[in-house]
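Residue numbers (the numbering used here), protein chains in the order written: chain P, 1 to 281; chain D, 1001 to 1129. Ideal Cβ placement from N, Cα and C applies to all residues, glycine included. First the structure, in the form of structure tokens, and then the observations on it.
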């Protein structure tokens, strides 16, 4: 049977992708950001997952205001790398896992999560930056990736509670898939940041560190954070953190924290990173 | 619907009202995702903008690169950043412009830990600040 073995949470700042693509990771500005990903790169190479489920958000790339799905699951065989206005990132195309993706779609829809099925979708930095952080610059990504795009651009995004519940449904779905597959689920975005208007540059390290604590040890409390608290305390784009709750919901109630990293800044954003392994009950 | 976020200073939450108001402005920005459209726009901005039924105020904000004005008129940052990209600006340069400081000062603020939350939670704090 397939199994979700661990969760990997990370910010997906576009400038991190640019730093990797342009060979700047060793620069003084970037070194402390990337140093915090060295241990988790070794960890994920050792885990050698068969599939990654990537919870991320599209940034007005594949989806515009024409269509705004709250949860959209990529069921295609592959996903092209998008041009977000600066040209496409020079990274390998993303290969999907249609069998498992369709299985998850059917399972969670019958479990009353009405997600959108997507068969044609370009993927942007929200998905590719975490892959680069986990795997560096390979010729091809080491395993298939199932994209799960969450709307966090048009207010309101789904609630934290709904995200946690969806994660639980995904865990159940994966566990009912026949083939033996090791799955790692990624939750991406955040941490505190505001990209827009006169308050741009807001960072709240206290909020972020409390969120990291709660996500590990008290996910129900993290799921209860109302949207206005994210907007006010973590900045208007900090609300991306609800996506980390999908990842957390897909893990066992108790988890072991393998790795934690926090650094300010990467461009406009606080970088947070967690690796969590399931704990047998 | 409760709009408890209107009290947050210097912030435009992209809610239903903003989305309805800014639809054509944002869809113009969206069109700049394609290199050919970026070139067409830069060749004749006013002519390119005439393809999108946006308000005169929105059109003027685009032509004047009034970035906060675009947000006030229903623009969303992930859309307006495509216009910034067309101009060769990255997110940090755009943020410096929107906050009215030099790129160098903005970068220094971020390296110093960012804009602090203290004093930046509510409009009331800003009016007394």
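For residue 54 of chain P, DSSP records a beta bridge to P/147, P/186.
About 4 Å separates the CB atoms of residue 72 of chain P and residue 149 of chain P; that is less than 8 Å, so the two are in contact. Identification of chain D residues near residue 274 of chain P by a Cβ-Cβ cut-off of 7 Å yields none; the smallest Cβ-Cβ distance measures about 20 Å.
For residue 1032 of chain D, the chain P residues whose C-beta falls within less than 8 Å of its own C-beta are 85, listed in chain order.
Under the DSSP definition of a beta bridge, residue 263 of chain P partners with P/271.
Bounds of the beta strand (DSSP E) holding residue 6 of chain P are 3-10. Within the segment 69-133 of chain P, the complete alpha helix (DSSP H) runs of at least 4 residues fall at 98-110. Note: residue 257 of chain P is bridge-paired with P/276 in the DSSP secondary-structure output. A distance below 7 Å between beta-carbons, with the five flanking residues on each side excluded, links residue 12 of chain P to the following residues of its chain, in chain order: 56, 125, 126, 129, 130, 188, 189. With a threshold of 8 Å between beta carbons, residue 1019 of chain D makes contact with chain P. Burial is judged here by how many other beta carbons sit within 10 angstroms of a residue's own beta carbon; residue 200 of chain P has at least 16 and is buried. Only 14, 15, 18 from the segment 14-28 of chain P bring a Cβ to less than 9 Å from some Cβ of chain D.
With respect to chain D, the C-beta atom of residue 194 of chain P has a partner C-beta closer than 8 Å.
Taking a 10 Å sphere around the C-beta of residue 171 of chain P, we find 16 or more other C-beta atoms and assign the residue as buried. Within the segment 98-125 of chain P, contact with chain D at the beta-carbon level (separation under 9 Å) is assigned to no residue.
For the C-beta of residue 231 of chain P, the chain D residues within less than 8 Å are, from N- to C-terminus, 1005, 1008, 1011, 1013. Non-local beta-carbon contacts of residue 225 of chain P in its own chain, meaning distances under 7 Å to residues more than five positions away in sequence, involve 160 in chain order. In the three-state scheme derived from DSSP, where H, G and I count as helix and E and B as strand, residue 193 of chain P is classed as strand. Per the Cβ contact rule, the segment 64-79 of chain P is in contact with the segment 1009-1028 of chain D (3 or more Cβ pairs under 8 Å). Any Cβ of chain P closer than 8 Å to the Cβ of residue 1042 of chain D would place that residue at the interface, and such an atom is absent. Not flagged as an interface residue toward chain P: residue 1093 of chain D, since no C-beta distance is shorter than 8 Å.
Taking 8 Å as the threshold, the shortest C-beta distance from residue 1124 of chain D to chain P does not fall below it. Per DSSP, residue 181 of chain P has no beta-bridge partner at all. Rounded to the nearest angstrom, the gap between the Cα atoms of residue 166 of chain P and residue 1005 of chain D is 26 Å.
At a cut-off of 8 Å between beta carbons, residue 265 of chain P contacts chain D.
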